[in-house]
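Engineer: Heads up: the protein sequence lines correspond to chains A and B, in order. If you count by numbering that gives the first Met the number 0, then the first sequence holds residues 0 to 500, one letter each, in order. If you count by numbering that gives the first Met the number 0, then the second sequence holds residues 0 to 500, one letter each, in order.
Number of protein chains: 2
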Amino acid sequence: MLEMIKQHKTKKSEAADELTAMQTELIDLANAVKAAKIPVIITIDGWASAGKGSQIAKLIKYMDPRFYKVKPIRIPNEQEKRKPWMHRYWTKLPGKGEFLILDGSWFADTVKSYRYGAIDKDEYKRRIDDVNTFERQLRDDGYLIIKLFLHITQDEQKRRVKALAADEITKWRVSQHDFDNLKRYDKIFKKYDKTLTMTNTEFAPWHIVPANDRVTAQLDIMRTVTNAVKLACDAKEKGILCKLPEQFPTIKYKPEKFKLVKTKKLADIDMNKQLTDEEYRRLLKKYQSRLFELQNICYQKKIPVIVAYEGWDAGGKGGNIKRLASSLDPRGYEVKPIAAPEPSEAARHYLWRFWTRLENDGHFTIFDRTWYGRVMVEPIEGFTPKERADMAYLEINEFEKQLTRWGAVIFKFWINIDKDEQYRRFKERENTPSKQWKITDEDWRNREKWDEYEKAVDRMIKLTSTEFAPWTVVEGNDKKYARIKALKTVCDRLEEVTAER
Amino acid sequence: MLEMIKQHKTKKSEAADELTAMQTELIDLANAVKAAKIPVIITIDGWASAGKGSQIAKLIKYMDPRFYKVKPIRIPNEQEKRKPWMHRYWTKLPGKGEFLILDGSWFADTVKSYRYGAIDKDEYKRRIDDVNTFERQLRDDGYLIIKLFLHITQDEQKRRVKALAADEITKWRVSQHDFDNLKRYDKIFKKYDKTLTMTNTEFAPWHIVPANDRVTAQLDIMRTVTNAVKLACDAKEKGILCKLPEQFPTIKYKPEKFKLVKTKKLADIDMNKQLTDEEYRRLLKKYQSRLFELQNICYQKKIPVIVAYEGWDAGGKGGNIKRLASSLDPRGYEVKPIAAPEPSEAARHYLWRFWTRLENDGHFTIFDRTWYGRVMVEPIEGFTPKERADMAYLEINEFEKQLTRWGAVIFKFWINIDKDEQYRRFKERENTPSKQWKITDEDWRNREKWDEYEKAVDRMIKLTSTEFAPWTVVEGNDKKYARIKALKTVCDRLEEVTAER
Chain A
0 MLEMIKQHKT KKSEAADELT AMQTELIDLA NAVKAAKIPV IITIDGWASA
50 GKGSQIAKLI KYMDPRFYKV KPIRIPNEQE KRKPWMHRYW TKLPGKGEFL
100 ILDGSWFADT VKSYRYGAID KDEYKRRIDD VNTFERQLRD DGYLIIKLFL
150 HITQDEQKRR VKALAADEIT KWRVSQHDFD NLKRYDKIFK KYDKTLTMTN
200 TEFAPWHIVP ANDRVTAQLD IMRTVTNAVK LACDAKEKGI LCKLPEQFPT
250 IKYKPEKFKL VKTKKLADID MNKQLTDEEY RRLLKKYQSR LFELQNICYQ
300 KKIPVIVAYE GWDAGGKGGN IKRLASSLDP RGYEVKPIAA PEPSEAARHY
350 LWRFWTRLEN DGHFTIFDRT WYGRVMVEPI EGFTPKERAD MAYLEINEFE
400 KQLTRWGAVI FKFWINIDKD EQYRRFKERE NTPSKQWKIT DEDWRNREKW
450 DEYEKAVDRM IKLTSTEFAP WTVVEGNDKK YARIKALKTV CDRLEEVTAE
500 R
Chain B
0 MLEMIKQHKT KKSEAADELT AMQTELIDLA NAVKAAKIPV IITIDGWASA
50 GKGSQIAKLI KYMDPRFYKV KPIRIPNEQE KRKPWMHRYW TKLPGKGEFL
100 ILDGSWFADT VKSYRYGAID KDEYKRRIDD VNTFERQLRD DGYLIIKLFL
150 HITQDEQKRR VKALAADEIT KWRVSQHDFD NLKRYDKIFK KYDKTLTMTN
200 TEFAPWHIVP ANDRVTAQLD IMRTVTNAVK LACDAKEKGI LCKLPEQFPT
250 IKYKPEKFKL VKTKKLADID MNKQLTDEEY RRLLKKYQSR LFELQNICYQ
300 KKIPVIVAYE GWDAGGKGGN IKRLASSLDP RGYEVKPIAA PEPSEAARHY
350 LWRFWTRLEN DGHFTIFDRT WYGRVMVEPI EGFTPKERAD MAYLEINEFE
400 KQLTRWGAVI FKFWINIDKD EQYRRFKERE NTPSKQWKIT DEDWRNREKW
450 DEYEKAVDRM IKLTSTEFAP WTVVEGNDKK YARIKALKTV CDRLEEVTAE
500 R
């Protein structure tokens with residue numbers, strides 16, 4: 000792509016009127032974006048010395064600073080290294096109506112990590128998949144992503160670096176490394192170009208800015224941004240996804256097809272499994288102490304463990320989580336209860352609140368209800384349109400795949416009880432003063448939709464039981480059996496994983 | 000205090016029934032705490048090898064893991080060092096009905112920082128003030144703070160360290176440092192004892208646990224915690240602050256008396272100040288470029304800058320912030336718009352959402368509305384009882400003092416307009432389509448309470464204009480004058496500060 004870019008020069012006087020007009024227009028557009036509740040991400044990548052910083056300053060100069068955030072992307076710090084590599088992008092997502100402007104992005108992150116040997120070629124390719132997946136997921140959620148690459152020629156870069164080094168005030172910004180890179184222009188060119196091509200998708204196309212001349216670049220950026228924002232507002236009004244103009248042919252992108260493992264329907268589960276008190280006590284002791292040891296090894300090997308709990312109301316999730324948690328060193332896990340999203344959560348992609356809740360590697364993150372609410376309660380209760388919720392099967396598989404690639408071991412428990420058992424437990428809760436807070440009208444209402452929920456659960460288990468993150472259906476009519484099954488599942492798998500790594 | 004502690008031994012069999020009873024009771028108490036919406040903090044400090052980790056595990060063994068978090072406190076990491084030292088405690092605060100259990104705390108942090116020379120004696124004393132202030136602020140907000148110190152004798156410590164070192168499995172946990180510290184027991188004893196005494200307050204008294212014998216310690220901890228929680232629930236029901244039993248005489252604590260600078264009432268401000276367009280353009284250019292340079296120096300010297308904006312509706316805060324922000328390198332500041340608190344914010348101390356929003360040192364944090372809502376909108380609109388809001392004058396001065404000690408330069412702008420000018424602007428907003436979103440019925444309602452607000456503002460300015468964080472009233476009838484005044488105020492002060500440091 001880069002070789003097609005023509006550099007040219009624009010006189011400041013010729014551009015002045017148009018620039019002022021667009022800057023003024025951008026103020027109104029920012030208000031329109033706020034009114035239309037569109038979250039906007041603008042990434043500014045490009046060559047060293049291409050002028051990213053000053054172009055950002057010009058872009059936002061007239062915008063209301065309450066509507067945007069500017070974040071520089073640098074080499075990941077120690078905290079960031081303990082999370083999946085995309086974590087720092089997910090956690091920075093803007094809310095509806097807000098602009099996030101990134102100085103450098105996941106693009107530069109990927110190219111540079113590869114160039115400097117932090118990742119190998121395979122990982123480089125996988126990261127490109129991650130990037131495309133990320134951008135597609137955001138676009139599907141209504142995010143507007145404007146990707147700008149500031150391109151300068153080799154001569155221009157040489158001139159700029161020398162000028163910086165010659166100036167008393169700016170020379171501290173230039174290192175030997177910059178001079179060395181000048182000589183590697185051709186090599187870097189190829190890497191940039193290849194990566195640009197591989198991430199030039201129909202849903203998040205690149206816009207390459209000829210940046211040898213600063214005024215030309217500024218005009219081009221302003222035009223691209225104002226145009227994109229207008230298109231997004233139009234699309235939003237029409238209720239369709241926004242399509243940005245393609246400067247270059249985009250790649251054929253296909254999401255990964257996940258291989259699924261065979262699963263059973265809930266109706267086919269044998270619900271009669273149980274344990275005697277004696278067996279329960281013996282096995283509880285055995286698996287709890289085994290898990291404590293395994294946690295220690297995971298901590299030392301920095302293996303992240305994610306445990307996701309879903310199940311029927313009154314299924315016994317709480318007690319099950321308790322037996323798991325109380326095996327563990329309390330400094331090494333956290334339980335995340337998931338309720339209705341807060342306003343700041345509802346304003347972002349639904350996976351945001353799970354990304355932001357991930358503990359460091361070596362730690363256990365235990366979710367009490369999860370991202371699977373997206374395909375159960377949300378469509379059934381009408382919080383999310385069915386077609387949108389259906390996209391989550393893929394999105395969730397992608398999410399869990401990325402966690403797996405980070406090194407995470409993922410457990411997903413569906414705590415299953417039958418309808419009679421639920422009735423017994425609801426009644427018991429109503430009749431026990433200390434348990435009355437646990438039963439509400441909503442529980443009874445949900446119960447009326449049992450069949451609808453059962454269908455949704457069957458579908459969820461079928462479509463998201465990947466090889467790397469399969470569901471475990473836990474027979475829960477007998478709480479003791481259920482607790483041991485969950486504990487044993489975690490122990491057996493961690494035993495394997497810790498032996499391998 | 001420590002020399003008064005008698006170590007004794009309890010047979011496991013003798014304690015078993017009582018322990019089981021208390022563990023069961025704690026389950027119910029945790030539910031009661033949740034129902035009563037009391038936030039609980041339990042800190043576990045003590046000697047090395049005193050058994051903090053295993054006592055925490057026993058304490059929470061039967062609790063519902065969704066109701067508590069356990070956080071270990073270690074040497075501050077790179078991220079934490081860029082914030083005020085109490086920042087990592089503030090940001091971890093539990094919400095109403097939740098338990099936070101800290102393995103190590105601000106107590107150990109203070110003692111160790113002093114012992115290992117990270118802070119000098121003066122700073123050590125100031126930190127003790129910070130600790131007492133922090134605990135008093137939390138208690139006043141309804142937090143229950145249970146502070147436990149696990150005490151073991153020199154012989155017992157020696158025995159434990161040797162036993163750990165002799166065991167193949169645990170010997171990695173013992174370093175030369177631990178052996179060296181064994182010899183320094185007396186010295187450390189004095190430091191612990193002194194710091195315990197100085198932080199043994201009526202609102203957050205210490206409980207020293209004789210921990211030579213693990214069963215005795217466990218019993219003592221369980222009794223202390225269950226008793227404290229019961230007292231807190233009782234107090235909450237009666238609507239009074241909880242008072243915990245004092246094991247030792249507490250110190251006489253007096254909050255700092257802040258020296259205030261002389262201020263004017265709003266009615267005495269000359270509101271006729273203005274600038275011509277020409278003066279405005281010249282001065283805007285001058286101060287914006289000066290501020291850009293000053294920001295650079297602040298960044299290099301790691302000076303945090305906090306800018307707090309308050310003012311009448313339609314006072315011109317937005318435009319004023321914009322002129323300030325657009326002077327700055329966008330990667331070095333963030334604007335924080337403050338609206339009504341989200342549920343997770345409302346569940347915590349009102350200062351929590353400001354502590355969590357602080358940018359790193361070297362950066363500007365610009366607040367569009369601030370913690371001063373506590374003494375204006377909250378009591379006037381009835382969100383906070385007047386007596387509780389009145390405590391905020393002290394709390395806010397303390398907060399700003401701590402920011403100042405971190406190194407922050409604090410600017411507080413009250414953008415002032417008169418009632419006629421507000422009317423003109425409201426009407427203009429109503430009559431300009433692109434500005435209509437900026438005017439709501441609420442603005443008109445607030446306007447009816449002008450006199451009440453003016454009294455509150457006068458009082459706020461009078462009581463929180465400390466020498467280190469004085470208010471600047473900005474005459475805002477002329478927006479141009481107001482913008483230059485704010486810019487000039489920031490520049491002049493930063494000029495001084497950067498020259499000194």
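Glycine included, each C-beta is placed from N, C-alpha and C at the ideal position. As the structure is a prediction and not an experimental result, all values here were calculated from the model.
Taking the runs of the alpha helix (DSSP H) that are 4 residues or longer, which of them lie wholly in the stretch 310-334 of chain B?
Structural biologist: As far as the stretch 310-334 of chain B is concerned, its whole alpha helix (DSSP H) runs of at least 4 residues are 316-324.
Engineer: DSSP three-state label for residue 167 of chain B, please.
Structural biologist: Residue 167 of chain B falls in the coil class under three-state DSSP.
Engineer: Which whole-angstrom value is the C-beta distance of residue 308 of chain B and residue 320 of chain B, which I expect to be below 8 angstroms?
Structural biologist: About 6 angstroms; that satisfies the 8 angstroms criterion.
Engineer: Going by DSSP in three states, residue 383 of chain A sits in which element: helix, strand or coil?
Structural biologist: Correct three-state label for residue 383 of chain A: coil.
Engineer: With 8 angstroms as the limit, tell me which residues of the stretch 75-109 of chain A have their beta carbon closer than that to any beta carbon of chain B; keep them in chain order.
Structural biologist: Listed by position, the residues of the stretch 75-109 of chain A near chain B (Cβ gap below 8 angstroms) are 76, 77, 78, 100 and 102.
Engineer: Go ahead and pull the three-state DSSP assignment for residue 415 of chain A.
Structural biologist: In this structure, residue 415 of chain A counts as strand in the three-state DSSP scheme.
Engineer: Would residue 214 of chain A count as contacting chain B if we go by Cβ distances under 7 angstroms?
Structural biologist: With 7 angstroms as the cut-off, residue 214 of chain A does not count as an interface residue toward chain B.
Engineer: Taking Cβ positions only, does residue 330 of chain B come closer than 7 angstroms to chain A?
Structural biologist: At least one chain A Cβ lies under 7 angstroms of residue 330 of chain B.
Engineer: Among B/281, B/359, B/97 and B/357, which one has its Cα closest to the Cα of residue 144 of chain B?
Structural biologist: The candidate whose alpha carbon is nearest that of residue 144 of chain B is B/97.
Engineer: Contact between the stretch 209-221 of chain A and the stretch 165-183 of chain A is defined here as three or more beta-carbon pairs at a separation below 8 angstroms; is this criterion met?
Structural biologist: The stretch 209-221 of chain A is not in contact with the stretch 165-183 of chain A.
Engineer: Under three-state DSSP, which class holds residue 24 of chain B?
Structural biologist: Three-state DSSP puts residue 24 of chain B in a helix.
Engineer: Going along chain B, which residues have a C-beta under 7 angstroms from residue 174 of chain A?
Structural biologist: What residue 174 of chain A touches in chain B: nothing, since even the nearest Cβ is about 17 angstroms away.
Engineer: Can you give the beta carbon distance from residue 39 of chain A to residue 208 of chain A, rounded, assuming they're within the 8 angstroms contact cut?
Structural biologist: Contact flag wrong, Cβ pair sits at about 18 angstroms.
Engineer: How would you list, in chain order, the residues of chain B whose beta-carbon sits under 9 angstroms from the beta-carbon of residue 34 of chain A?
Structural biologist: Ordered by position in chain B, the residues that pass the 9 angstroms Cβ test against residue 34 of chain A are 436.
Engineer: Can you tell me the Cα-Cα spacing of residue 376 of chain B and residue 475 of chain B, whole angstroms?
Structural biologist: Approximately 21 angstroms, taken between the alpha carbons.
Engineer: When DSSP builds the beta bridges, which residues end up paired with residue 470 of chain B?
Structural biologist: Residue 470 of chain B is bridged to B/411.
Engineer: Using only the alpha-carbon positions, how far apart do residue 336 of chain B and residue 472 of chain B sit?
Structural biologist: In a straight line, the C-alpha of residue 336 of chain B is about 20 angstroms away from that of residue 472 of chain B.
Engineer: Tell me whether residue 45 of chain B sits in a helix, a strand or coil according to DSSP, three-state version.
Structural biologist: Strand, per DSSP.
Engineer: Report the neighbours of residue 27 of chain B on chain A: residues whose CB is nearer than 8 angstroms to its CB, in chain order.
Structural biologist: Near residue 27 of chain B (Cβ distances below 8 angstroms), the residues of chain A are 433.
Engineer: CB-CB under 8 angstroms to residue 445 of chain A, same chain, minus the five flanking residues each way: which ones, in chain order?
Structural biologist: Only 312 and 452 meet the Cβ criterion.
Engineer: Is residue 113 of chain B helix, strand or coil by DSSP?
Structural biologist: Reduced to three states, the DSSP call for residue 113 of chain B is helix.
Engineer: Using a C-beta cutoff of 7 angstroms, does residue 341 of chain B count as contacting chain A?
Structural biologist: For residue 341 of chain B, the answer is yes, since a Cβ of chain A falls inside 7 angstroms of its Cβ.
Engineer: Give the interface partners of residue 220 of chain A over in chain B, defined as CB-CB distance under 8 angstroms, in chain order.
Structural biologist: Going along chain B, no residue has its Cβ under 8 angstroms from residue 220 of chain A, so there is no contact; the nearest lies around 14 angstroms.
Engineer: Using a C-beta cutoff of 7 angstroms, does residue 324 of chain B count as contacting chain A?
Structural biologist: It does: the Cβ of residue 324 of chain B has a partner Cβ on chain A nearer than 7 angstroms.
Engineer: Measuring CA to CA, which of B/60, B/30 and B/130 is closest to residue 22 of chain B?
Structural biologist: Residue B/60 is the option with its Cα nearest to residue 22 of chain B.
Engineer: Rounded to the nearest angstrom, how far is the Cβ of residue 177 of chain A from that of residue 103 of chain A, given a contact under 8 angstroms?
Structural biologist: Not really, about 16 angstroms apart at Cβ, beyond 8 angstroms.
Engineer: Below 8 angstroms between beta carbons is the criterion; list the residues of the stretch 296-327 of chain A that meet it against any residue of chain B, in chain order.
Structural biologist: Answer in chain order: 317, 320, 321, 324 and 325.
Engineer: Who are the neighbours of residue 64 of chain A on chain B, taking C-beta pairs under 7 angstroms?
Structural biologist: Near residue 64 of chain A (Cβ distances below 7 angstroms), the residues of chain B are 320, 321, 324 and 334.
Engineer: For residue 239 of chain A, which of A/400, A/387 and A/71 has the nearest alpha-carbon?
Structural biologist: If we check each option's Cα against that of residue 239 of chain A, A/387 comes out closest.
Engineer: Are the C-beta atoms of residue 38 of chain A and some chain B residue less than 7 angstroms apart?
Structural biologist: Taking Cβ atoms only, chain B never reaches closer than 7 angstroms to residue 38 of chain A, which makes this a no.
Engineer: Name the DSSP bridge partner or partners of residue 205 of chain B?
Structural biologist: Note: residue 205 of chain B sits in a beta bridge opposite B/146.
Engineer: Figure out for me which residue from A/149, A/392 and A/165 has the closest Cα to the Cα of residue 206 of chain A.
Structural biologist: Among A/149, A/392 and A/165, the Cα nearest to that of residue 206 of chain A is on A/149.
Engineer: Going by C-alpha to C-alpha distance, which of A/429, A/443 and A/356 sits closest to residue 86 of chain A?
Structural biologist: Considering only alpha carbons, the answer is A/356.
Engineer: Residue 100 of chain A and residue 67 of chain A: beta carbons closer than 7 angstroms?
Structural biologist: For residue 100 of chain A and residue 67 of chain A, yes; Cβs fall inside 7 angstroms.
Engineer: Please report the distance separating the alpha-carbon of residue 158 of chain B from that of residue 151 of chain B.
Structural biologist: If I take the Cα positions, the gap works out to 11 angstroms.
Engineer: Using only CA atoms, which one of B/92, B/463, B/182 and B/46 lies nearest to residue 110 of chain B?
Structural biologist: Closest by alpha carbon: B/46.
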